[in-house]
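S.K.: First the structure, which I've put down as structure tokens, then a few questions once you've had a look.
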Amino acid sequence: MEARDKQVLRSLRLELGAEVLVEGLVLQYLYQEGVLTENHVQEIKAQATGLRKTMLLLDILPSRGPKAFDAFLDSLQEFPWVREKLEKAREEAIVELPAEILTVNFFLLLWMYGLLGYIDHPIDHQD
Numbered sequence: 001m002e003a004r005d006k007q008v009l010r011s012l013r014l015e016l017g018a019e020v021l022v023e024g025l026v027l028q029y030l031y032q033e034g035v036l037t038e039n040h041v042q043e044i045k046a047q048a049t050g051l052r053k054t055m056l057l058l059d060i061l062p063s064r065g066p067k068a069f070d071a072f073l074d075s076l077q078e079f080p081w082v083r084e085k086l087e088k089a090r091e092e093a094i095v096e097l098p099a100e101i102l103t104v105n106f107f108l109l110l111w112m113y114g115l116l117g118y119i120d121h122p123i124d125h126q127d
């Protein structure tokens with residue numbers, strides 16, 4: 001699953017827990033599509049409440065491959081308002097880049113504009 005999709009599931013976790021009942025079509029569709037194994041389905045069904053079932057599904061989905069998020073969207077036929085919310089959040093999601101990447105990009109830009117030499121070696125560039 002893409003980082004952006006993981007971020008969307010994480011950001012809407014509590015809302016999904018409150019609005020989605022996973023035991024019906026959701027679980028069966030995800031099993032049919034190979035996103036969930038039979039063991040996953042059994043483990044989810046064994047949870048005591050609907051909220052715990054949904055939370056466990058949300059814990060499992062990110063590790064179930066690149067098609068897991070789209071299959072989850074497709075499984076939400078009974079919950080079109082939830083699907084719309086997820087799709088909107090997905091479009092708006094901006095994955096935060098790790099700080100190391102931002103730092104490297106910053107210094108790369110400085111180097112490209114010829115400024116890095118003055119920063120790295122201030123003594124070498126005296127007039």
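Under full-length UniProt numbering, the first residue of the sequence shown carries the number 1, and numbering increases by one thereafter.
Each residue gets a CB set at the ideal place from its N, CA and C atoms; glycine is no exception.
Hey, could you find the ends of the alpha helix (DSSP H) A18 is sitting in?
M.R.: That run of the alpha helix (DSSP H) goes 13-19.
S.K.: Restricting to Cα atoms, I'd like to know which of A18, E38, Y29 is closest to K67.
M.R.: Answer by Cα proximity: Y29.
S.K.: Distance, Cα to Cα, L33 vs L9?
M.R.: Strictly speaking, residue 33 in this sequence is Glu, with Leu absent from that position. Cα to Cα, E33 sits roughly 19 Å from L9.
S.K.: Scan the UniProt domain "CARD" (1-78) and note each continuous alpha helix (DSSP H) run of 4 residues or more that stays entirely inside, going in chain order.
M.R.: Runs of the alpha helix (DSSP H) inside the UniProt domain "CARD" (1-78): 3-11, 13-19, 25-32, 38-45, 50-60, 68-75.
S.K.: Would you mind giving the Cβ-Cβ distance between M1 and F69, rounded to the nearest angstrom? I have them listed as a contact below 8 Å.
M.R.: Indeed, because the Cβ distance is near 5 Å, the residues count as touching under 8 Å.
S.K.: Is there contact here, the stretch 46-64 with the stretch 76-93, by at least three beta-carbon pairs under 8 Å?
M.R.: They do not touch, by the three-pair rule.
S.K.: My output table needs one value for A93: the three-state DSSP class, helix, strand or coil.
M.R.: Reduced to three states, the DSSP call for A93 is coil.
S.K.: Take E19 as the anchor and find which of Q7, I44, T54 has the nearest alpha-carbon.
M.R.: Looking at the Cα atoms, T54 is the closest of the given residues.
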